[in-house]
Amino acid sequence: MTYEYVRLTEEDGVATVTLDRPGKRNAIVPELATELVDALERVEDRVRVVVVEGEGEAFCAGMDLEKRFHEPREEGPRAFYEAGRKTGKLFTTLYGYRRPTVAKVDGWTFGAGYCLQAVCDFAVATDEATLGLSEINFGIIPGGGAMWAAVNTMNRRDALYYTSTGEPFSGAEADEMGAVTMSVPEDEYESAVGDLLDSLVEKNPVALQFNTAVLERVRYMDFDRALDYERGKSEEMKYYQQDEWVEEGIGQFKERRYRPGLEAYEERTEE
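With the numbering used here, letter number 237 in the sequence shown gets 352, and the count goes up by one each step, no holes.
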């Protein structure tokens, strides 16, 4: 597929997918969503981490209200449904992705853009970024996953306040609420993102995949059920790893080649 609205680059195990509609603050149209899904699927089996970022002064200003809603509605119910299906697939693909995903939240991030960063595993914002859930301002509630994004990245009071008022908030305020993984000043931004990527790239990819999946499940379990589930998934993970964690992880520790509390073991290489 030739891309018009996204760019895809790869380097040192990291794929970067850039939303490339800067003139529209990277607002999502069905075509952009389709291209982004294609890019994600293309690199899933050959990289360690995927970064999602926006070109220009915005991460993503949300849905393109005209192209996603107004124009498809004029074309009829089928066109409106197809537009929703294509954009919805973007969020479900990212949420279930098998590699760690990092959103670079710099600039304007509203509505569906907020949802986009929320379905990524990690979100690093600049203190100066501007985020919001502004749907109430044009007479609707956050939908298409945006309400889920609010209640899963904020406490109830904050989620209710920002979805009810449409009031924007800064990256620094998002950090205080737990709405992003971290927020740093603009001049420290690339370094902070780079440090996170370096940390993720060096980790065992099977362990990272299971870590995210198990965390999402045990959030909703009591302790006894969580304990049983964690034990079962741990054994499944060890099978796929062929016990690399014992032979290399613990083995290298016994040889005092690394310190588990401070760094990762050196992953086994295929011969």
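Glycine is no exception: its CB is placed at the ideal position from the N, C-alpha and C atoms. Keep in mind the model is a prediction, meaning the values are calculated, not measured.
Check, Outcome
"Whole-angstrom distance between Asp242 and Glu288, CA atom to CA atom", "8 Å"
"DSSP-derived helix/strand/coil call for Ala264", "helix"
"C-beta atoms of Pro257 and Leu248 nearer than 9 Å", "yes"
"Boundaries of the beta strand (DSSP E) in which Phe184 is found, first to last residue", "Per DSSP, Phe184 belongs to no beta strand (DSSP E) and is neither H nor E."
"Check whether Pro187 and Ala198 have beta carbons under 9 Å apart", "yes"
"For Thr224: DSSP bridge partner residues", "Cys175 and Leu246"
"Alpha-carbon spacing of Glu172 relative to Met292, whole angstroms", "23 Å"
"Buried or exposed by the 16-neighbour rule on C-beta atoms within 10 Å, applied to Glu386", "Reliability of the predicted coordinates at Glu386 is poor, the pLDDT of 44 falling under 50, and the value obtained from them is presented with this limitation in mind. Per the 10 Å Cβ criterion, exposed."
"Cutoff 6 Å; reference Phe225; Cβ partners in own chain excluding five residues on either side", "Ala176, Gly177, Gly247 and Ser249"
"Proximity below 9 Å, CB of Ala238 to CB of Val217", "yes"
"Secondary structure of Glu331, DSSP reduced to three states", "helix"
"Glu126, DSSP secondary structure in three states", "strand"
"For Ile143, the residue or residues it bridges with in DSSP", "Met178"
"Proximity below 9 Å, CB of Val167 to CB of Ala240", "no"
"Of the residues Gly259, Ser285 and Gly309, the one placed nearest Ser298, counting alpha carbons only", "Ser285"
"First and last residue of the uninterrupted alpha helix (DSSP H) at Val361", "First-last for Val361: undefined, no H or E at that position."
"Gly169 beta carbon less than 9 Å from that of Thr133", "yes"
"Buried versus exposed, by CB contacts within 10 Å (16 or more), Arg136", "buried"
"8 Å contact criterion, which Thr105 and Lys201 should meet: CB distance rounded", "Residue 105 lies beyond the range of the chain shown here (116 to 386); nothing can be said about it."
"Integer Cβ distance of Val101 from Leu312, believed to fall under 8 Å", "This structure gives no information on residue 101, because the portion of the chain shown stretches from 116 to 386."
"Rounded straight-line distance, which links the Cα of Leu323 to that of Ala154", "21 Å"
"Pick from Ser279, Gly281, Met269 and Tyr277 that is closest to Asp290, judged by C-alpha positions", "Met269"
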